[in-house]
Amino acid sequence: MKIKALLLITSCSFLSMSAYSYETIDAWDLVYEVDALPDNQIYWNSTKAGAPKVEAERGLLHLDTTSSLSNKLSFSHSWDINNTTGLIVEAKLKLQAFTGDTGLGGVGIYVADDIREEALIVRPKGILLYNSNLAYNWGTHEKSADYHVYRIETEGADIRVYVDGILRIEGIGRFGAGDNLFTNQVSFGDYSAGAGSRSTWDYIKYKINL
22 MKIKALLLIT SCSFLSMSAY SYETIDAWDL VYEVDALPDN QIYWNSTKAG APKVEAERGL
82 LHLDTTSSLS NKLSFSHSWD INNTTGLIVE AKLKLQAFTG DTGLGGVGIY VADDIREEAL
142 IVRPKGILLY NSNLAYNWGT HEKSADYHVY RIETEGADIR VYVDGILRIE GIGRFGAGDN
202 LFTNQVSFGD YSAGAGSRST WDYIKYKINL
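For the sequence shown, my numbering begins at 22 and goes up steadily by one.
What follows is the structure, encoded as structure tokens:
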């Protein structure tokens, strides 16, 4: 059975963050199956520095920037998210190695809705919403080297992060404007030129309700 790599995004209207329940979403506007590198397909553009390594093998995407702290590599896709109705992003991945300063970030997912932006960073000790500076540190039996399903949900200025279906970060009013106003895209990878990482991505998809 083919293993898929997925980043899930859906835009949806709901009455309030507290009224919205964690749910399974079945239909997608764009599906990326790791049978080729993202930048070999028309939907994704790559941004890199240095000499990062990337490989698509057996339905998994392997990213490696550990050979130099100046390496970085990410893949971006422009979308048309409505910044009032909210979005959901979900990815399954594992962080197998990390070098450098953990405060500089690591592998992660970036979302921007034309007004607001945020990056969910996966680090050895846990996860961090970079712009809002909200973090969750792993418990005794959790670690980044294992596969986890990470989900970001937003509505207006509210943002939540689930790990394996459990709410780990709740940022009411913390999904705010950053340095890249009028950016409307999703991206994933290693963004830091001051740290290195080795990660494997298992699935990527998204859906937008207009």
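Beta carbons are placed, not taken as given, at the ideal position from N, Cα and C, and that holds for glycine.
Roughly how many angstroms lie between the CA atoms of residue i and residue j, to the nearest whole one?
i, j, result
"Tyr131", "Ile148", "13 Å"
"Arg181", "Ile109", "10 Å"
"Glu176", "Lys226", "19 Å"
"Leu233", "Asp101", "This structure leaves residue 233 out entirely; the chain is present only between 22 and 231."
"Phe196", "Ser99", "19 Å"
"Leu58", "Ser97", "12 Å"
"His162", "Asn61", "38 Å"
"Ser139", "Ala133", "The question names Ser, yet the displayed sequence has Glu at residue 139. Each residue's alpha carbon lies about 7 Å from the other."
"Asp211", "Lys115", "13 Å"
"Ala178", "Ala118", "33 Å"
Nearest to residue i by alpha carbon, out of the options?
i, options, result
"Thr204", "Asn103, Lys74, Gly210, Ala72", "Asn103"
"Gly192", "Ala156, Gly80, His98", "Ala156"
"Gln206", "Ser67, Tyr224, Lys164, Val55", "Ser67"
"Thr120", "Arg172, Ile190, Ser89", "Ser89"
"Val4", "Glu111, Leu94, Ser208, Asp47", "Since the displayed the chain opens at 22 and closes at 231, residue 4 lies outside it and no answer follows."
"Gly80", "Ala70, Gln117, Val52", "Val52"
"Ala214", "Ala48, Val128, Leu116", "Val128"
"Glu111", "Arg172, Ala178, Asp185, Lys164", "Arg172"
"Asn154", "Gly107, Gly194, Ala48", "Gly194"
So what's residue i in DSSP terms, helix, strand or just coil?
i, result
"Gly177", "coil"
"Gly215", "coil"
"Thr68", "strand"
"Thr106", "coil"
"Asn61", "helix"
With a CB to CB cut of under 8 Å and the five nearest residues on each side skipped, what residues in its chain are close to residue i?
i, result
"Thr123", "Arg144, Pro145, Lys146, Ala216"
"Ile136", "Asn104, Ala198, Leu202"
"Ala77", "Val55, Asp56, Ala57, Leu58, His83"
"Ala72", "Ser88, Ser89, Asn92"
State yes or no: is the C-beta of residue i nearer than 6 Å to some heavy atom of the ligand SAH?
i, result
"Asp122", "The ligand SAH is not part of this structure, which contains no ligands at all."
Take the Cβ of residue i as the centre, count every other Cβ of all protein chains shown within 10 Å, and call the residue buried at 16 or more, exposed below.
i, result
"Thr86", "buried"
"Leu36", "With a pLDDT of only 37 at Leu36, under the threshold of 50, the placement of this residue in the model should not be trusted, and no figure is reported."
"Thr221", "buried"
"Ser218", "buried"
"Asn152", "buried"
"Ile190", "buried"
"Ser165", "buried"
Output needed for residue i: all residues of its chain with C-beta closer than 6 Å, excluding positions within five of it in sequence on either side, in chain order.
i, result
"Glu174", "Ile109, Arg181"
Beta-carbon within less than 7 Å of residue i's beta-carbon, same chain only, minus the 5 sequence neighbours each way: which residues are those?
i, result
"Leu188", "Arg181"
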